[in-house]
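Order-wise, the sequence lines are chains A and B. The first sequence begins at 6 in our numbering and counts up one residue at a time. The second sequence begins at 13 in our numbering and counts up one residue at a time. Everything below concerns the one structure shown next.
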Amino acid sequence: AQSVSQHNHHVILSEAASLELGCNYSYGGTVNLFWYVQYPGQHLQLLLKYFSGDPLVKGIKGFEAEFIKSKFSFNLRKPSVQWSDTAEYFCAVTGGGNKLTFGTGTQLKVEL
Amino acid sequence: ETGVTQSPTHLIKTRGQQVTLRCSSQSGHNTVSWYQQALGQGPQFIFQYYREEENGRGNFPPRFSGLQFPNYSSELNVNALELDDSALYLCASSTSYPGTDTQYFGPGTRLTVL
């Protein structure tokens, strides 16, 4: 069975700080990887996704993530966070099937 | 906004009752998935419907059932509600089968079971 682990449950950063959120998955086959974001009071939105090709993927709002197959990781990065990035971030994976398996999420708070 | 809509927004039920939640897919999407998101947790896959048939199911008991209609809208039914069923229920739609495409989520239905 596939699983996703997000190491940081709560992260607090100051504006302009750099962000890296960890995500590791467990699955033996080919995977598709996603980062979703849930802003306060809003629904889950897709930030970025990896299906194949260049392992460095760029998403919306300046976010990017790197797929490292040997480490089973798909970490999310942003060079300089803004107050508006305050949200909950979920890493998710599909592999050999049709269901998304999510991590437990990381609550990011960006302080002015 | 994704174009996926869910109703109702909030719902309060008592233990043992039955509930029906509804979802309208984004235009052009023929696949609907349902997820349960308990407080402080990531969404958990309940099941998926494609062309009106169940196409994959997570670790949820049979009292969780669903339907998909010819217009691709969907219902989630939960019988004999338990306190632990209190959660945000999310519907997601996508275009293709199997899960190689992106799922787009609705705003969810917040179910409280007393």
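Positions of the beta carbon are idealized from the N, C-alpha and C atoms, including for glycine.
Is residue i close to chain B? Criterion is C-beta to C-beta, closer than 7 Å.
| i | result |
| --- | --- |
| PHE77 of chain A | no |
| GLY46 of chain A | no |
| ASN103 of chain A | yes |
| LYS63 of chain A | no |
| PHE107 of chain A | yes |
Quick one: what's residue i bridged to in DSSP?
| i | result |
| --- | --- |
| PHE72 of chain B | Looking at the DSSP assignment, PHE72 of chain B forms no beta bridge with any residue, so it has no partner. |
| ILE17 of chain A | A:LYS114 |
| TYR116 of chain B | B:SER105 |
| GLU94 of chain B | Answer by DSSP bridge pairing: none, since GLU94 of chain B is not bridged. |
| GLN49 of chain B | B:LEU100 |
Less than 8 Å between the CB atoms is what I'm expecting for residue i and residue j, so what's the real figure, rounded?
| i | j | result |
| --- | --- | --- |
| VAL86 of chain A | GLU25 of chain A | That belief does not hold up - the Cβ atoms of VAL86 of chain A and GLU25 of chain A are roughly 11 Å apart, past 8 Å. |
| THR114 of chain B | LEU51 of chain A | 6 Å |
| GLY15 of chain B | SER39 of chain B | 6 Å |
| GLY70 of chain B | LYS104 of chain A | 6 Å |
| LEU123 of chain B | ALA99 of chain B | 6 Å |
| LEU79 of chain B | SER86 of chain B | 6 Å |
| LEU102 of chain B | PRO55 of chain B | 6 Å |
| VAL115 of chain A | LEU49 of chain A | About 19 Å separates the two Cβ atoms, so there is no contact after all. |
Which residue wins for smallest C-alpha separation from residue i, given the options the options?
| i | options | result |
| --- | --- | --- |
| LEU88 of chain B | B:GLN115, B:GLN60, B:VAL16 | B:GLN60 |
| TYR94 of chain A | A:THR35, A:TRP40, A:VAL115 | A:TRP40 |
| GLY52 of chain B | A:PHE72, A:VAL115, A:GLU116, A:PHE107 | A:PHE107 |
| ALA97 of chain A | A:ASP59, A:ASN13, A:LEU38 | A:LEU38 |
| GLN43 of chain A | B:GLY120, B:VAL125, B:ASP97 | B:GLY120 |
Against chain A, with Cβ distances strictly below 7 Å, would residue i count as a contact?
| i | result |
| --- | --- |
| THR114 of chain B | yes |
| GLY78 of chain B | no |
| GLN53 of chain B | yes |
| PRO82 of chain B | no |
| GLY40 of chain B | no |
Would you call the stretch 102 to 115 of chain A and the stretch 22 to 39 of chain B touching, i.e. three or more CB-CB distances under 8 Å? No, the stretch 102 to 115 of chain A does not touch the stretch 22 to 39 of chain B.
Does the stretch 28 to 35 of chain A come into contact with the stretch 6 to 15 of chain A, if we say contact requires no fewer than three beta-carbon pairs (one atom in each stretch) closer than 8 Å? Verdict: yes, contact present.
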